[in-house]
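Worksheet for the structure shown next.
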Amino acid sequence: MRILAIETASMQGSAAIQEDCSLIAEYSLNVRATHSERLLSAIDTILHHSGLRFIDLDGLAISIGPGSFTGLRIGLSTIKGLSFSTGLPVVAVSTLRAMATRFLTTGHLICPCLDARKKEIYTALYADWIHGDGKNSLRELSPPQAIPPDIFLKGLAENFSEPVIFSGDGAKAYLPRIKKYLPGRALIALGFAGHPQAGTVAYLGMERLRQGKIEDVVNLEPFYLRKSEAEIKWVEKHG
């Protein structure tokens with residue numbers, strides 16, 4: 484079984500292909516150009532280098548958010564267009580869960596953070612949960628939310644005593660505050676490891692595809708967590 488995944492929730496967009504349990508190709512876009520200019524080119528590139536065509540795929544996966552409003556819209560419109568033109572089913576993956584999955588088996592609490600602007604972060608809290616059969620999975624301790632970092636970090640420091648892995652551009656933006664609230668307990672993953680990546684979206688998407696958790700492509704919307712600036716202004720104007 485093969486799945487193509489795309490990730491456009493951050494400025495570092497990416498595309499990946501997974502076959503069964505193996506990641507066979509991943510292409511990252513560490514550029515300032517818009518995702519719409521680069522995304523289809525990245526998809527063509529990884530298909531070409533993998534020796535695959537869309538007819539060889541079994542499904543498509545999308546990082547559904549939260550994250551950049553523009554990036555999420557571009558990613559979803561791209562995946563919808565591909566699904567409509569190829570007939571491939573679509574599965575959706577939480578961006579924050581995908582970020583946290585990169586640190587599975589570490590045994591620590593995991594806190595992915597994306598800079599939500601407006602002095603807020605998109606974040607959630609996960610535990611690296613070990614089942615009776617010895618397998619690891621993520622256990623959600625705090626659901627995804629848009630929240631001022633001081634409020635979130637204060638609650639985290641008061642309610643948990645374990646080391647916490649922080650990742651994402653939100654962790655980078657508020658690093659001094661993280662260290663202030665969790666001195667000696669904060670493990671910071673910056674650089675490539677801290678970004679959302681299509682390879683992890685593909686990994687989680689494969690699991691959802693096998694479970695038959697297929698999305699209604701026509702009605703699928705990004706998981707924004709809060710209204711866009713345009714929506715807020717419209718409500719203020721029209722009531």
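Numbering-wise (the numbering used here), the sequence shown opens with residue 484 and increments by one.
Ideal Cβ positions, reconstructed from N, Cα and C, are used throughout, including at glycine.
Note that the coordinates shown come from a computational prediction; the quantities given were computed from them, not determined experimentally.
| Item | Value |
| --- | --- |
| Reduced DSSP secondary structure (H/G/I, E/B, other) of alanine 525 | helix |
| Which residues DSSP lists as bridging cysteine 594, in chain order | Phe649 |
| Distance between glutamate 502 and serine 620 (C-alpha atoms, nearest Å) | 21 Å |
| Other residues of its chain near tryptophan 612: CB distance less than 8 Å, five sequence neighbours each side excluded | Asn619, Ser620, Leu621, Arg622 |
| Residues near lysine 662 by beta carbon distance below 7 Å, same chain, minus five either side | Ala669 |
| Per-residue burial, glycine 496 [other beta carbons within 10 Å of its own, 16 or more giving buried] | buried |
| Beta bridge counterpart(s) of tyrosine 657 as assigned by DSSP | According to DSSP, which records beta bridges pairwise, tyrosine 657 is partnered with nothing at all. |
| Where the beta strand (DSSP E) through arginine 585 begins and ends | That residue, arginine 585, is in no beta strand (DSSP E); it is neither H nor E in DSSP. |
| Contacting residues, own chain, Cβ-Cβ under 6 Å from threonine 561 (five flanking each side not counted) | Leu522 |
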